[in-house]
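For reference, each letter of the sequence shown is one residue, going 0 to 515 in numbering that gives the first Met the number 0. Even for Gly, the Cβ is constructed at its ideal location relative to N, Cα and C.
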Amino acid sequence: MADKQTYYITTAIPYANGAPHIGHAYERIATDVFARFQRLDGKDVLFVTGMDEHGLKMQQTAAREGISAQQLADRTAAQFEAMGAKLNARADDIVRTTQARHKTTVQEVWRRMAAKGDIYLSKYSGWYSVRDEAYYDEGELTENADGKKFAPTGTPVEWVEEESYFFKLSAYAEKLLAYYEAHPDFVTPEKYLNEIVAFVKRGLNDLSISRTTFDWGIKVPGDDKHVMYVWVDALTNYFTATGYLEGGPRAKFWPADAHVIGKDITRFHAIFWPAFLMSAELPLPKQIVVHGFLFNRGEKMSKSVGNVISPDTLADHYGVDALRYFFLREVPFGQDGNYSHEAIVQRINADLANDLGNLAQRSLSMIGKNCGGKVPTPGAREEADAEILARAYGAVTIARDAMRQYLPHQALAEIWGVVGDANRYFAGQEPWKLGKTDPARRDAVLYVTAETLRVVALLCQPFIPEAAEKLLGLLGVPADKRLLAFATPDHALAAGENLPAPAPIFPRYVEPEEAK
Ligand code: ME8
Numbered sequence: 000m001a002d003k004q005t006y007y008i009t010t011a012i013p014y015a016n017g018a019p020h021i022g023h024a025y026e027r028i029a030t031d032v033f034a035r036f037q038r039l040d041g042k043d044v045l046f047v048t049g050m051d052e053h054g055l056k057m058q059q060t061a062a063r064e065g066i067s068a069q070q071l072a073d074r075t076a077a078q079f080e081a082m083g084a085k086l087n088a089r090a091d092d093i094v095r096t097t098q099a100r101h102k103t104t105v106q107e108v109w110r111r112m113a114a115k116g117d118i119y120l121s122k123y124s125g126w127y128s129v130r131d132e133a134y135y136d137e138g139e140l141t142e143n144a145d146g147k148k149f150a151p152t153g154t155p156v157e158w159v160e161e162e163s164y165f166f167k168l169s170a171y172a173e174k175l176l177a178y179y180e181a182h183p184d185f186v187t188p189e190k191y192l193n194e195i196v197a198f199v200k201r202g203l204n205d206l207s208i209s210r211t212t213f214d215w216g217i218k219v220p221g222d223d224k225h226v227m228y229v230w231v232d233a234l235t236n237y238f239t240a241t242g243y244l245e246g247g248p249r250a251k252f253w254p255a256d257a258h259v260i261g262k263d264i265t266r267f268h269a270i271f272w273p274a275f276l277m278s279a280e281l282p283l284p285k286q287i288v289v290h291g292f293l294f295n296r297g298e299k300m301s302k303s304v305g306n307v308i309s310p311d312t313l314a315d316h317y318g319v320d321a322l323r324y325f326f327l328r329e330v331p332f333g334q335d336g337n338y339s340h341e342a343i344v345q346r347i348n349a350d351l352a353n354d355l356g357n358l359a360q361r362s363l364s365m366i367g368k369n370c371g372g373k374v375p376t377p378g379a380r381e382e383a384d385a386e387i388l389a390r391a392y393g394a395v396t397i398a399r400d401a402m403r404q405y406l407p408h409q410a411l412a413e414i415w416g417v418v419g420d421a422n423r424y425f426a427g428q429e430p431w432k433l434g435k436t437d438p439a440r441r442d443a444v445l446y447v448t449a450e451t452l453r454v455v456a457l458l459c460q461p462f463i464p465e466a467a468e469k470l471l472g473l474l475g476v477p478a479d480k481r482l483l484a485f486a487t488p489d490h491a492l493a494a495g496e497n498l499p500a501p502a503p504i505f506p507r508y509v510e511p512e513e514a515k
């Protein structure tokens with residue numbers, strides 16, 4: 000048998016100096032959905048996340064709390080691991096930048112860049128924001144009445160002068176532009192690539208890549224005074240996971256298929272990262288997949304506004320599948336999105352409980368009652384039957400295509416298009432009236448509905464894994480027949496197979512006060 004096609008996908012690695020928030024949950028869920036979809040489609044998938052544990056901010060937060068930076072990193076890493084488990088979005092591996100395997104890899108990548116002549120020692124000075132871990136140009140700053148200067152992000156800046164190693168990023172502008180030109184899908188959605196191209200066309204400055212002002216970081220090979228400045232360290236995590244340089248069993252996964260990231264870090268991923276890899280003579284990732292930001296009713300989450308909701312609280316309140324569905328359906332991928340109680344409840348009750356849940360419940364309980372709890376006999380196929388089935392099988396190709404383009408909202412719109420049509424089919428055929436007049440036709444309608452639900456459930460697995468598993472169980476689909484390859488007519492439900500007793504898959508969301 001030919002080797003399975005590999006597929007390697009990553010999330011950004013969250014800063015380890017704070018607890019997980021909704022943005023992190025959104026990114027993890029989306030990446031998990033992409034990973035699950037490709038696995039469902041028969042690929043050999045590696046899904047990696049990690050933790051960004053170095054930097055001055057870590058040192059400072061830890062000091063404020065009276066713990067070591069490593070203790071802070073350990074605590075946050077445990078919170079993120081719990082989030083992944085809670086959201087049913089566990090990764091195959093977690094690269095923590097303090098791990099030995101990562102240090103070795105980063106130092107080797109540095110050596111390769113140095114060997115290429117791309118790293119030199121010089122002096123760096125400028126307005127630095129500790130909180131942003133970034134220098135800012137004079138022109139970007141604002142000043143308050145006391146003459147104190149602030150970054151565009153509102154954080155205070157201070158004048159810093161230090162010896163620093165630099166990476167010759169300026170030498171890569173032309174090469175990067177040629178690369179974008181040859182690989183127009185390198186950054187998706189396209190609007191983010193356009194921003195990057197415009198930025199690079201204005202010319203690139205060399206990049207300061209080491210610090211002497213703090214020591215919580217990976218040491219520069221051959222110069223212990225310096226630790227690497229966060230981005231060489233952080234970006235290399237994607238590479239570390241594959242053990243590519245050691246030629247281990249996961250080396251086949253490099254280059255990555257997709258780095259899923261938020262829109263605020265596109266420059267680092269679409270400019271720095273490919274330039275580092277070109278310099279180190281390593282293959283470039285295939286795609287940078289950018290998502291937008293999530294806001295609570297249009298407002299940025301902040302402690303002062305008091306609208307910070309933990310992913311944990313949301314998952315407990317609405318259910319994990321509901322949250323996963325909401326994020327991917329409601330927000331066109333790549334754009335910013337909003338969440339609110341009303342919007343989540345609307346999606347749960349209309350799409351999940353009503354459209355999918357009710358259809359499954361009604362059709363499966365009729366099968367339980369009237370067909371002896373067995374898959375009914377399809378009988379003669381009428382035009383309406385053929386239409387809804389063709390629509391369902393056709394959705395597989397459309398969903399696959401949408402997912403290849405990282406448009407999960409379109410895949411879900413297509414799947415729910417089938418669910419809508421199936422509801423119209425069911426209502427139009429009125430199988431509950433056929434018991435006395437034409438039981439064979441009733442059975443045929445129930446069969447077609449169940450087979451449509453099978454295809455829908457197969458497609459739903461990456462998005463709402465628990466509910467899809469439940470539904471596939473109720474339809475008697477064995478565990479080894481749940482890949483997307485089985486969503487075809489030749490693997491249709493077999494008449495006469497025993498089905499388990501029907502059970503609801505999606506309860507309606509009821510406001511706590513109504514439930515009393
Ligand atoms: O940027 N909505 O870490 P991070 C959606 N350590 N996504 C959001 C978001 C929001 N409100 N807020 C943040 C870092 N994100 C670096 C990454 S990768 C080599 C290093 C996204 O914890 C953000 O865009 O600030 C990023 O993709 C991820 O969450 C981690 O953000």
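Whole-number beta carbon distance between residue j and residue i, since they are thought to touch under 8 Å
{"i": "residue 218", "j": "residue 257", "result": "Not really, about 31 Å apart at Cβ, beyond 8 Å."}
{"i": "residue 28", "j": "residue 507", "result": "Not really, about 22 Å apart at Cβ, beyond 8 Å."}
{"i": "residue 203", "j": "residue 181", "result": "Going by Cβ atoms, the distance from residue 203 to residue 181 rounds to 19 Å, so no, they are not a contact pair."}
{"i": "residue 68", "j": "residue 215", "result": "5 Å"}
{"i": "residue 25", "j": "residue 326", "result": "5 Å"}
{"i": "residue 382", "j": "residue 401", "result": "Actually they do not touch by this definition, with Cβ atoms about 28 Å apart."}
{"i": "residue 309", "j": "residue 112", "result": "Residue 309 to residue 112, Cβ: 39 Å. No contact."}
{"i": "residue 391", "j": "residue 454", "result": "4 Å"}
Beta-carbon proximity list for residue i, same chain, < 6 Å, skipping 5 on both sides
{"i": "residue 34", "result": "8, 44 and 46"}
{"i": "residue 37", "result": "6 and 44"}
{"i": "residue 395", "result": "486"}
{"i": "residue 335", "result": "291 and 292"}
{"i": "residue 240", "result": "47, 92 and 94"}
8 Å CB neighbourhood of residue i in its chain, flanking five on each side removed
{"i": "residue 248", "result": "242"}
{"i": "residue 187", "result": "286, 287, 288, 289, 333, 404 and 405"}
{"i": "residue 449", "result": "362, 363, 366, 374, 375, 474 and 492"}
{"i": "residue 195", "result": "179, 186, 265, 266, 269 and 270"}
{"i": "residue 2", "result": "43"}
{"i": "residue 12", "result": "48, 49, 50, 51, 94, 96, 233 and 236"}
{"i": "residue 165", "result": "118, 119, 120, 121, 123, 205, 206, 207 and 208"}
Three-state secondary structure (DSSP) of residue i
{"i": "residue 339", "result": "coil"}
{"i": "residue 369", "result": "helix"}
{"i": "residue 332", "result": "coil"}
{"i": "residue 482", "result": "coil"}
{"i": "residue 353", "result": "helix"}
{"i": "residue 290", "result": "strand"}
{"i": "residue 374", "result": "coil"}
{"i": "residue 504", "result": "coil"}
{"i": "residue 396", "result": "helix"}
{"i": "residue 8", "result": "strand"}
{"i": "residue 348", "result": "helix"}
{"i": "residue 155", "result": "strand"}
{"i": "residue 386", "result": "helix"}
{"i": "residue 364", "result": "helix"}
{"i": "residue 327", "result": "helix"}
{"i": "residue 125", "result": "strand"}
{"i": "residue 278", "result": "helix"}
{"i": "residue 308", "result": "coil"}
{"i": "residue 139", "result": "helix"}
{"i": "residue 512", "result": "helix"}
{"i": "residue 26", "result": "helix"}
{"i": "residue 120", "result": "strand"}
{"i": "residue 133", "result": "strand"}
{"i": "residue 496", "result": "coil"}
Same chain, Cβ closer than 7 Å to residue i, five either side skipped, listed in chain order
{"i": "residue 296", "result": "337 and 339"}
{"i": "residue 191", "result": "262, 265 and 289"}
{"i": "residue 90", "result": "46, 47, 48 and 83"}
Check: residue i C-beta below 6 Å from any heavy atom of ligand 2
{"i": "residue 371", "result": "No copy of ligand 2 appears in this structure; the ligands present are ligand 1."}
Complete runs of the alpha helix (DSSP H) confined to the stretch 165-225 [at least 4 residues]: 172-181 and 189-200
field: the stretch 225-236 contacting the stretch 190-209, beta-carbon criterion three pairs below 8 Å
entry: yes
Runs of beta strand (DSSP E) wholly within the stretch 33-103 (minimum 3 residues, chain order): 43-50 and 92-95
task: Please determine if the stretch 473-485 and the stretch 413-430 are in contact, where contact requires at least 3 C-beta pairs separated by less than 8 Å.
output: no
field: Ranges of the alpha helix (DSSP H) found wholly within the stretch 412-478, counting only runs of at least 4
entry: Note on the stretch 412-478: whole alpha helix (DSSP H) runs with a minimum of 4 residues are 430-436, 438-459 and 464-473, in chain order.
message: Any contact between the stretch 69-89 and the stretch 99-117? By contact I mean 3 or more CB pairs, one from each, below 8 Å.
response: Under the three-pair Cβ rule at 8 Å, the stretch 69-89 does not count as touching the stretch 99-117.
task: Determine contact between the stretch 438-447 and the stretch 359-376, defined as no fewer than three beta-carbon pairs at a distance below 8 Å.
output: The stretch 438-447 is in contact with the stretch 359-376.
message: Three Cβ pairs or more, each shorter than 8 Å: is that satisfied between the stretch 120-140 and the stretch 157-169?
response: yes
query: Which residue spans inside the stretch 220-268 form an unbroken beta strand (DSSP E) run of at least 3?
result: 222-227 and 257-261
task: Assess, as a yes-or-no matter, whether the stretch 351-364 is touched by the stretch 444-463 under the definition of 3 or more beta carbon pairs within less than 8 Å.
output: yes
- prompt: Do the stretch 78-85 and the stretch 17-31 make contact, defined as three or more Cβ pairs closer than 8 Å?
  reply: yes
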